Amino acid sequence: MSSDIIVIGGGIAGLSAAARLSADAQVTVLEMESVTGYHASGRSAALIEEKYGAPSVQALNRESMTYFREGGYLSPRGLLIVAQADDEVAFRADVDHLGVGEISPREALDLVPVLDPAKLGLAGYHAEAFDIDTDRLMQDFIRTIRANGGQIITDAVVTRIHHDTHGWHVNAGAEFNARTLVNAAGAWADLMASIAGVAPLGIIPHRRSMARIAAPGGHDVSQWPMFFGTGESWYAKPDAGALLVSPAEEVATHPHDAYADDMTLAEGLDRYQQMVTEEVTRPLATWAGLRSFARDRTLVLGRDPDAPEFIWCAGQGGYGFQTSPAASVLLADLVMGRAPALDAASVTALRPERLRA
Ligand SMILES: Cc1cc2nc3c(=O)[nH]c(=O)nc-3n(C[C@H](O)[C@H](O)[C@H](O)COP(=O)(O)OP(=O)(O)OC[C@H]3O[C@@H](n4cnc5c(N)ncnc54)[C@H](O)[C@@H]3O)c2cc1C
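For the sequence shown, the numbering used here begins at 732 and goes up steadily by one.
Structure below.
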């Protein structure tokens, strides 16, 4: 089967890229699972915090806001940092980095009434953090791909890739051919490059676990902000009447169907527990996902320097949703040979070349 562009990966990175590319080209998305969004994209905390990430990630976050707002994908959440009084150095670093304003412990308790007044010494808050409707975002990108005549093929495990004068030949059960190949395989991005004979870039998956617990003390948690321990040592976030709590670990691993580590979860729940009055009960559910980072924790978007029709769309780390509207526009601009709408310094910071130096 022939198309102009093959995209490997049906997560948010591949779907958003394919949606943008499908406006100008015949696109086929190959996804190894039987559904899209099964791996990292099905396991996120679904937040956008504009100040979260390296400068070029923040540029993508900023540039994505209009798309999110116009599409009605955002709802108010807010971000709260809580600390014990003796944790002031780490607290100040977080306040500076995320640009939150310091508030009194009393005000923090009004936001999250289960915080322990005996422990809470310092708090910082801003309202400019939003929940993203990630399901609708992905479904809308899928609709765009199909409306533009593109295809999404599930249960298509890419096992062999080779390139010749006719372009790329990709085996995923059947053979798929295209001039251009977009590597949006998440944790498997380096593996896909190796299979294609392209040098990997050192994109390393890192596990992050999550527990869903019942709303503490039977509170209505729906209006609570997302709240963080200092240095992102744990976080908690309302989720459909319950509370997500993450130990916020970053454990380097190999690409696989990730699952929560019980000991890591127990330790993270304990760190959360130390700041609240309500006892943590048995989790309702647990899971983990892989956040895949390049060594500078910045996305990798653009043509491979040694294989120009091999396009990297990888290293989304902990920012894949919040960056997706702008990252996918940049990717399509680069593939289609248009001058990028994104500022030149950010475009350079995102290029694959930097990782070969
Ligand atoms: C716990 C957690 C919390 C997070 N919170 C947030 C948040 O609040 N905000 C935010 O913006 N981001 C967040 N993230 C990050 C975000 O989820 C990821 O950056 C994003 O989902 C990555 O998308 P992706 O498409 O690159 O990867 P994936 O969703 O993993 O997609 C890659 C796809 O490639 C497919 N694939 C791999 N190999 C092959 C092959 N050989 N053949 C065919 N298909 C293949 C896989 O099956 C997979 O579906 C969080 C992540 C985690 C784990």
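Each residue gets a CB set at the ideal place from its N, CA and C atoms; glycine is no exception. In this text the structure is predicted, and so the values were computed from the model without any measurement.
| Check | Outcome |
| --- | --- |
| Of the listed residues Glu1010, Ser925, Asp1064, nearest to Ala749 (C-alpha basis) | Asp1064 |
| Burial state of Leu1015 (16 or more Cβ within 10 Å) | exposed |
| Whole runs of the beta strand (DSSP E) within the region 784-831, excluding any shorter than 3 residues | 805-807, 810-814 |
| Outcome for Ser747 when other beta-carbon atoms lying within 10 angstroms are tallied against a minimum of 16 | buried |
| Per-residue DSSP class, three states only, for Ser940 | strand |
| Beta-carbon proximity check, Leu842 vs Trp955, cutoff 9 Å | yes |
| Stretch-stretch touch, CB-based, cutoff 8 Å, three pairs: the region 837-854 with the region 762-769 | no |
| Closest Cα partner of Ser787 within the set His985, Asp1074, Pro1083 | Asp1074 |
| Nearest-angstrom beta carbon gap, Tyr798 and Asp864 [assumed within contact, 8 Å] | Actually they do not touch by this definition, with Cβ atoms about 13 Å apart. |
| With 16 other Cβ atoms within 10 Å as the buried cut-off, status of Arg808 | buried |
| Secondary structure, beta strand (DSSP E): runs of 3+ residues fully inside the region 889-954 | 891-895, 898-903, 905-909, 911-914, 935-945 |
| The region 1013-1029 in contact with the region 937-946 per 3-pair CB rule at 8 Å | yes |
| Closer than 8 Å: Tyr804 CB and nearest ligand 1 heavy atom | no |
| Endpoints, alpha helix (DSSP H) assigned at Asp993 | 993-1004 |
| Three-state secondary structure assigned by DSSP to Asp841 | helix |
| Residue range of the unbroken beta strand (DSSP E) whose run includes Asp862 | 860-863 |
| Gln757 in three-state terms, based on DSSP | coil |
| Three-state class that DSSP yields for Val982 in the structure shown | strand |
| Three-state secondary structure assigned by DSSP to Thr1079 | helix |
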